[in-house]
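Student:
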Amino acid sequence: MTNAASPMIGLMAGSLALTAANSSAQAACPIQLAVYGEAKSGAEIDFTPTGSSATITNSFRMILDNNTVLDGIAMWTEGSAARPHGSLMYKCPTGDVTGEELAACTVWEGVVYSADDKGTIGLLPAEGADAPKSLIFPDLGPSLEMSAAYGPAGFSKVPWDVFILKGCQE
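Residue numbering for the sequence shown is -27 to -1, 1 to 143, as defined by mature numbering (1 follows the signal peptide of the UniProt record, and there is no 0).
(1) Closest to Gly59 by C-alpha separation, out of Pro66, Ala47, Gly15, would be which residue?
(2) Quick check: what's the CA-CA separation for Ala76 versus Phe128?
(3) Rounded to a whole number of angstroms, what is the C-alpha to C-alpha distance between Ala17 and Met119?
(4) Quick one: any contact between the region 60 to 69 and the region 95 to 109, if contact means 3 or more CB pairs under 8 angstroms?
(5) Could you give the first and the last residue of the continuous beta strand (DSSP E) run that contains Ser26?
(6) Can you find the residues in the same chain that come closer than 6 angstroms, C-beta to C-beta, to Asn31, ignoring five residues on each side of it along the sequence?
(7) Helix, strand or coil, according to DSSP, for residue 145 in the structure here?
(8) What residue range does the alpha helix (DSSP H) around Leu43 cover?
(9) Between Asn40 and Lys91, what straight-line distance do the alpha-carbon atoms span, to the nearest angstrom?
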């Protein structure tokens, strides 16, 4: 009986080692290379390095169905209640834009929260920190549903507020 169980134990140990390797690989992913997904709509968030921006702490894009892409940034507010203020924009003009033009193409704004494996809520970390297990964009769905990006010329599947870490770009 021990001979029959031995391969099964080896297979289980290998499976556990692979699971541990996968979870440690995800835990070691820096936020600027993280990829998140939302199960209901299939939406995805891909972070990218911000470069040398003095004000933008995170850059990302949200990919929705029908190849609709929203450009995202986060900038930390200052003071004792500092928060990562996120913005998602759709088809913004490039170059020298006014505040009014920027406001017109912004489809979501708010604080970006994170959560770990235990459900502890935190804030979106700046570049260089490990990617959290999940991200929370409060009231994302209702804001996007009222945007110019939603409908026949844009996306049709509205994402929920929570995105789970899927992997790490190389």
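A virtual CB, placed ideally from N, CA and C, is assigned to each residue, including glycine.
Tutor: Answer, in terms of the structure:
(1) Each of Pro66, Ala47, Gly15 was checked against the Cα of Gly59, and the nearest Cα belongs to Ala47.
(2) Their Cα atoms are separated by approximately 20 angstroms.
(3) In the sequence under discussion, the amino acid at residue 17 is Glu, which differs from the Ala named in the question. One Cα belongs to Glu17, the other to Met119, and the distance between them is close to 19 angstroms.
(4) With a cut-off of 8 angstroms, the region 95 to 109 and the region 60 to 69 do not count as touching, because too few Cβ pairs lie within range.
(5) Unbroken run through Ser26: none, as it is neither H nor E.
(6) Result list for Asn31: Ala47, in chain order.
(7) Because the chain is modelled from -27 through 143, residue 145 falls outside the range shown and cannot be assessed.
(8) Per DSSP, Leu43 belongs to no alpha helix (DSSP H); it is in the beta strand (DSSP E), 41 to 49.
(9) Rounded to whole angstroms, Asn40 to Lys91 spans 33 angstroms at the Cα level.
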